[in-house]
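Heads up: the sequence shown begins at 115 in the working numbering, then just goes up one per residue. A short write-up of the structure that comes next.
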Amino acid sequence: MKKRIVAGNWKMHKTSREAEDLVKEVLEKLDTVDLKKHNNHVVFAPPFVYLQNLGKLLQGMTNISLAAQNCHSEPKGAFTGETAVQMLKDVGCEYVIVGHSERRSYFKESDAFLKQKTDAVLAAGLTPIFCCGEMLNDRKNGTQQSVIREQLEQSLFHLEKAEMQRVVIAYEPVWAIGTGMTASPEQAQEMHAFIRNTIEEVYDHNTAHHLTILYGGSCNAQNAASLFSNADVDGGLIGGASLVADSFVEIIKANSAQ
Ligand code: 13P
Numbered sequence: 115m116k117k118r119i120v121a122g123n124w125k126m127h128k129t130s131r132e133a134e135d136l137v138k139e140v141l142e143k144l145d146t147v148d149l150k151k152h153n154n155h156v157v158f159a160p161p162f163v164y165l166q167n168l169g170k171l172l173q174g175m176t177n178i179s180l181a182a183q184n185c186h187s188e189p190k191g192a193f194t195g196e197t198a199v200q201m202l203k204d205v206g207c208e209y210v211i212v213g214h215s216e217r218r219s220y221f222k223e224s225d226a227f228l229k230q231k232t233d234a235v236l237a238a239g240l241t242p243i244f245c246c247g248e249m250l251n252d253r254k255n256g257t258q259q260s261v262i263r264e265q266l267e268q269s270l271f272h273l274e275k276a277e278m279q280r281v282v283i284a285y286e287p288v289w290a291i292g293t294g295m296t297a298s299p300e301q302a303q304e305m306h307a308f309i310r311n312t313i314e315e316v317y318d319h320n321t322a323h324h325l326t327i328l329y330g331g332s333c334n335a336q337n338a339a340s341l342f343s344n345a346d347v348d349g350g351l352i353g354g355a356s357l358v359a360d361s362f363v364e365i366i367k368a369n370s371a372q
């Protein structure tokens with residue numbers, strides 16, 4: 115059964131105390147939700163400094179995991195301020211977000227660097243949540259599909275089939291992130307189907323149909339169900355709405371109802 119995931123990308127928010135309280139509140143409110151029934155997973159991606167503490171809190175839980183928002187591609191060395199994937203694994207991370215649009219734009223991370231990061235995450239046995247997404251101008255020009263294909267090609271298509279089968283893709287149109295301009299369910303489905311078809315063309319049917327493709331960009335408790343009910347939308351990567359327990363839990367429930 116295809117894995118369905120709701121992941122909360124907290125970005126640069128919360129104090130240590132707030133981080134712990136938020137996770138505890140979400141877990142409490144999820145008590146009645148049977149995540150295992152439909153292979154549903156919940157992922158928390160807090161800022162780096164809270165990973166160790168939250169890793170202890172989540173240790174041994176089924177279908178609830180910890181993610182890092184970023185990593186470095188090298189296993190160790192003189193890279194001041196950076197964190198290696200093995201270190202993230204050490205503190206309990208199972209996932210790493212790679213190539214978020216904020217990393218691509220503010221920190222000038224190239225497709226080639228994201229390719230190296232993806233390799234590092236896979237080599238350590240963790241799951242990359244690989245983000246792709248077009249800018250508003252790309253969509254206005256109608257070039258969104260070629261932009262996405264290029265991002266996938268440059269950073270993922272060197273992978274062997276067995277490696278590709280361990281990747282999660284998050285489609286996050288840049289114009290929808292933090293703007294309230296959510297992609298319509300039709301726009302999301304169209305792009306997710308395009309991504310799946312592209313994977314099928316490059317790899318095979320089995321790989322494409324087991325691939326988890328998340329939607330991200332102003333997804334909230336109100337619109338989650340209509341986005342997640344599409345055949346090729348397998349959950350979401352949630353920013354703002356993951357910072358409040360009630361809305362995050364509603365989104366998780368919308369995903370597990372599919
Ligand atoms: P928002 O949900 O705040 O639009 O952020 C989406 C996102 O960037 C998740 O990675």
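Heads up, the beta-carbon is just placed ideally off N, CA and C, and yes, glycines get one too.
Can you give me the start and stop residues for the alpha helix (DSSP H) that residue i sits inside?
i      : result
ASN369 : 359-370
VAL235 : 225-237
Per DSSP, what are the beta-bridge partners of residue i in this structure?
i      : result
LEU341 : None; LEU341 has no bridge partner.
ASP146 : Here residue 146 turns out to be Thr, not Asp, going by the sequence shown. The partner list for THR146 (beta bridge, DSSP) is empty, contrary to what the question assumes.
VAL210 : ALA182 and PRO242
ARG218 : ARG218 is not bridged to any residue.
Starting from residue i, follow the beta strand (DSSP E) in both directions and report where the run begins and ends.
i      : result
GLY122 : 118-123
Take every Cβ of the region 297-317, pair it with every Cβ of the region 351-360, and state whether three or more of those distances are shorter than 8 Å.
-> no
Between the region 332-339 and the region 290-305, do at least 3 Cβ pairs fall closer than 8 Å?
-> yes
Completely contained alpha helix (DSSP H) runs for the region 246-300, where each covers 4 or more residues | Correct list: 250-255, 258-269 and 275-278.
Counting only runs of 4+ residues fully inside the region 154-208, write out the alpha helix (DSSP H) ranges in chain order.
-> 165-172 and 199-204
Touch check for the region 149-158 and the region 184-197: three-plus C-beta pairs under 8 Å?
-> When C-beta atoms of the region 149-158 are compared with those of the region 184-197, fewer than three pairs fall below 8 Å, so the two segments do not count as touching.
Report yes or no: do three or more beta-carbon pairs, one from the region 165-184 and one from the region 204-213, lie closer than 8 Å?
-> yes
Note down, one range per segment and in chain order, each alpha helix (DSSP H) of at least 4 residues found wholly within the region 304-351.
-> 319-324 and 338-342
Mind the definition here: the region 171-180 touches the region 213-220 only if three or more C-beta pairs lie below 8 Å; say whether that holds.
-> no
Three or more C-beta pairs below 8 Å linking the region 224-233 and the region 262-273 | yes
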